[in-house]
Amino acid sequence: MASKNKEVLFGLYNDEEILLTAVQRAMDDHLDIMDVYSPFPVHGLDPIMGLEESRLHQAGFVYGSIGTLTAFLFMTWVFTRDWPVIFGGKPYWSVPAFIPITFELTVLFAAIGMVVTFYTVCGLGPGVEAKTLDDRITDDKFCIAFDTAGQSSSEIEKLKSFFSSTGASEVNTKVL
Amino acid sequence: MVDFTITGKERMTLFGFMGIGVICLIATFLWGDPADISGHHTRFWANILHNTVFFTGISFTALFVTCAFTTAYTGWFVIMKRVWEAFYLFIGVGLGLMTLFGIATYLGLHDLYHWNVAGVTDPNSPAYDELITGKAGFLNKNAFLFGTILVLALWYFFAHKLRSLSLAEDVQGAKGDFSFQYNIRWWAAIFLPIAAFTSAAMIWQWVMSIDSHWYSTMFAWYATASWLVSMLALTILLLIYLKSRGYMTHINGEHLHDLGKYLFAFSIFWTYLWFSQYMLIWYANVGEETIYFRTRLDQFPVLFYVNLVINFLVPFFVLMRNSTKRKYGTLAFVCVIVLFGHWWDFFQMIRPGVLHTAHEVHALHNGGHGAHDTKDVSGHSAGHDDHGHSHSAHDDASHGGHHDDSHGGHDDGHGGHGDHSAFVSGFTLPGFLDLGTMLGFLAFWVWFVLGRLASTRMEPVNDPFLEESLHHHT
């Protein structure tokens, strides 16, 4: 994921309302936000940041459809071609009996597929070391981060003054 | 916070549709009843029962959902709670209509219920039916009439209680005052278990007992889910309409999105119950149970399959996307389809059994010489041997006529009508008169609801969850 090191300048905020105002200010000032971190989903943040709707659910639909087809076609093949068995006098191709399993495989494929996709996209997974700017952003702090790699000191000063004027409680730097 | 008034145009339109409904009802009473072989205006009474049960049930589910939400401290719906209050007050009208229907049942004015046929529990009567006799403790005219009155009065009592408390909160309460909320929640919590048991019992009596020999433990849930989806569809349609008239300004895409999710989820819930009922019966393959679906698949295939398409496939695929639940046009389109779909579903629950019973009653009345013919017919309807065992138990000729094959009776009476799949308007498919009656009932219901909305302030002011509702965000 990270092709080059990022020199991150980030400010911590104590409240999501302050965060929302600050993000709005940054967007108005055309500051290039690297990312915004919060311990919980903040309502209204995505539209302010101009983020597009996630396409994860479209992937989920595809995975679910694959699950549906897998289950249904596999059972069809097993019970009509590979190993036809009569259960309780029902026809080999007993569609109502297939439906619960088809449903379950649809859910299973969609769920696992979406989890794997989400982890891949976010660079998460077992054994991956999570890069956090500050441990408190998983607890009670809200964070706006800028990538300052290759920026002049006047630009950095401008960002710092942005933080102080929007009510950041702390401003720190970290190399990711 | 604007107070609502019904415009003259609305009143004209609604009364126009009510007029159409009344004309259609009269028409079904006088003519237009091809299945009226017993001379008891079967289609007329079937329409009355069907629409009364449908709209009373919608009102009941509005009360139920209000109580469930209140018990769960739900805040987001508070801004539109007057709409559901208006819905559930219709239970009072339902009480009146169902009481009239119950009296008609008591007096034997119609033949919708096989268990209500004279002599059905008398071993010496040609109408004797062993299976129904075994259920006579529940399926009898006293239990029907007085049970219906008792239960609907109980529902209305709770509806009235909750509505009064809700209105009193506006007048006597204050911002941040939880005392009324506490009181409302108390009554709501009491109603939930009562609603769960009584609604099931009422559906058994009103709808399931039409197929008197048949029973299904899934049926009550399945019918209630049908009511619930219709209720949500009507809620969304009414809110969109009120918004278009400039009311309910605080209802936005977020609220409708949540209602859309409920519509989506409960459409799937309905399908789940429909399928569970179908699959268990299909799998077990017990003749007494499968006859229900056999009849529908053989003689009412359009009713049967269209039901699934419009109540499952349409809402499932249209509402699946996030954005379609936020677009008023799409949402309204699905709501209309689904509302009609669940009316269709109740049609499908009621009419085949009613038609069957009408034929049985006719065969009974034609007793004497008819008995021989029907015995013959029942001989080669091997697929319909739902009550095969009672043949041997009671080997009298007239018995075969009334419980086995309705077409035997039909043949006997009308000569040329022996075809199994003979089309009977108003039974095989809804005819224009049935659709007109439905529109009439719907207009009456809407008129009642709008009247309730006009009777008070449309948005509550002192509900402690009001702020949460105003700032609802999904």
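The listed protein sequences correspond, in order, to chains A and B. If you use the numbering used here, the first sequence corresponds to residues 919 to 1094, in order. If you use the numbering used here, the second sequence corresponds to residues 601 to 1074, in order. The beta-carbon is built from N, C-alpha and C at its ideal position, and this holds for glycine as well. It should be emphasised that the depicted structure is a prediction, and the values quoted were computed from it without experimental measurement.
Going by DSSP, what residue range makes up the alpha helix (DSSP H) through residue i?
i: A:E970; result: No alpha helix (DSSP H) contains A:E970, which DSSP labels as neither H nor E.
i: A:T1038; result: V1013 to C1040
i: B:F869; result: G853 to A884
i: B:E730; result: E730 to G734
i: A:A1004; result: As written in the sequence, residue 1004 of chain A is Ile, which differs from the Ala given in the question. Taken as a continuous stretch (DSSP letters only), A:I1004 belongs to no alpha helix (DSSP H), as it is neither H nor E.
i: B:I891; result: G887 to Q899
i: B:V683; result: K681 to L689
i: B:A820; result: F819 to S844
i: A:Y946; result: For the sequence presented, residue 946 of chain A should be read as Asp rather than Tyr. Element bounds for A:D946: E934 to D946.
i: A:I1055; result: Counting along the chain, A:I1055 falls outside any alpha helix (DSSP H), and DSSP gives it neither H nor E.
i: B:G616; result: G608 to L630
i: A:E1047; result: No alpha helix (DSSP H) holds A:E1047; DSSP gives it neither H nor E.
i: A:S1071; result: S1071 to S1083
i: B:L913; result: No alpha helix (DSSP H) holds B:L913; DSSP gives it neither H nor E.
i: B:S1069; result: L1066 to L1070
Can you tell me whether DSSP reads residue i as helix, strand or coil?
i: B:I648; result: helix
i: A:Y955; result: strand
i: A:A1063; result: strand
i: B:L707; result: coil
i: B:A774; result: coil
i: B:L762; result: helix
i: B:K927; result: coil
i: B:A753; result: helix
i: B:V807; result: coil
i: B:E1059; result: coil
i: B:L739; result: coil
i: A:M993; result: helix
i: B:S725; result: coil
i: B:F604; result: coil
i: B:W676; result: coil
i: B:G1001; result: Any reading at B:G1001 must be qualified, since the residue scores a pLDDT of 39, below 50, and its modelled position is unreliable; no value is offered.
In the DSSP output, what is residue i paired with across the bridge?
i: B:L1029; result: B:S1025
i: A:N1090; result: A:F928
Closest to residue i by CA distance: which of the options is it?
i: B:V829; options: B:G608, B:F664 and B:R785; result: B:F664
i: B:G1031; options: B:C624, B:F916 and B:A774; result: B:C624
i: B:W804; options: B:L1053, B:E1068, B:M612 and B:V653; result: B:V653
i: B:P915; options: B:I937, B:A668 and B:F900; result: B:I937
i: A:D1053; options: A:P957, A:D953, A:V941 and A:G982; result: A:P957
i: A:D913; options: A:T1066, A:G1006, A:K1078 and A:M945; result: In this structure chain A extends from 919 to 1094, so residue 913 of chain A is not present and cannot be described.
i: B:H813; options: B:F615, B:A795, B:L863 and B:Y728; result: B:Y728
i: B:G708; options: B:F744, B:T733, B:E730 and B:R682; result: B:F744
i: A:T1050; options: A:E934, A:H948, A:W1001 and A:Y955; result: A:Y955
i: B:T699; options: B:L649, B:N716 and B:G734; result: B:L649
i: B:R611; options: B:H1072, B:A1054, B:Y815 and B:L839; result: B:A1054
i: B:A759; options: B:L859, B:T656 and B:A704; result: B:T656
i: A:T1056; options: A:N932, A:K924, A:V926 and A:N923; result: A:N932
i: B:H942; options: B:V906, B:F615, B:G1026 and B:A789; result: B:V906
i: B:F757; options: B:G776, B:F660, B:D722 and B:G887; result: B:F660
Using a C-beta cutoff of 7 Å, does residue i count as contacting chain A?
i: B:H1073; result: yes
i: B:M818; result: no
i: B:I882; result: The residue asked about is misnamed: residue 882 of chain B is Trp in this sequence, not Ile. Taking Cβ atoms only, chain A reaches closer than 7 Å to B:W882, which makes this a yes.
i: B:M879; result: yes
i: B:D1012; result: Because B:D1012 sits at a pLDDT of 37, beneath the cut-off of 50, its placement in the model cannot be relied upon, and the following sentence gives the value as read from the coordinates. No, B:D1012 does not count as interfacial toward chain A.
i: B:G983; result: Residue placement at B:G983 cannot be trusted, given a pLDDT of 39 that sits under 50; the coordinates are not used to answer.
Cβ of residue i less than 7 Å from any chain B Cβ?
i: A:H961; result: yes
i: A:P1002; result: no
i: A:P957; result: no
i: A:P1014; result: yes
Interface residues of chain E around residue i at Cβ under 8 Å?
i: A:G1006; result: Judged by its chain identifiers, the structure shown contains no chain E, and its protein chains are A and B.
With a threshold of 6 Å, establish whether the CB of residue i neighbours any heavy atom of the ligand FMN.
i: B:H714; result: Absence of the ligand FMN is noted for the structure shown, with no ligands found whatsoever.
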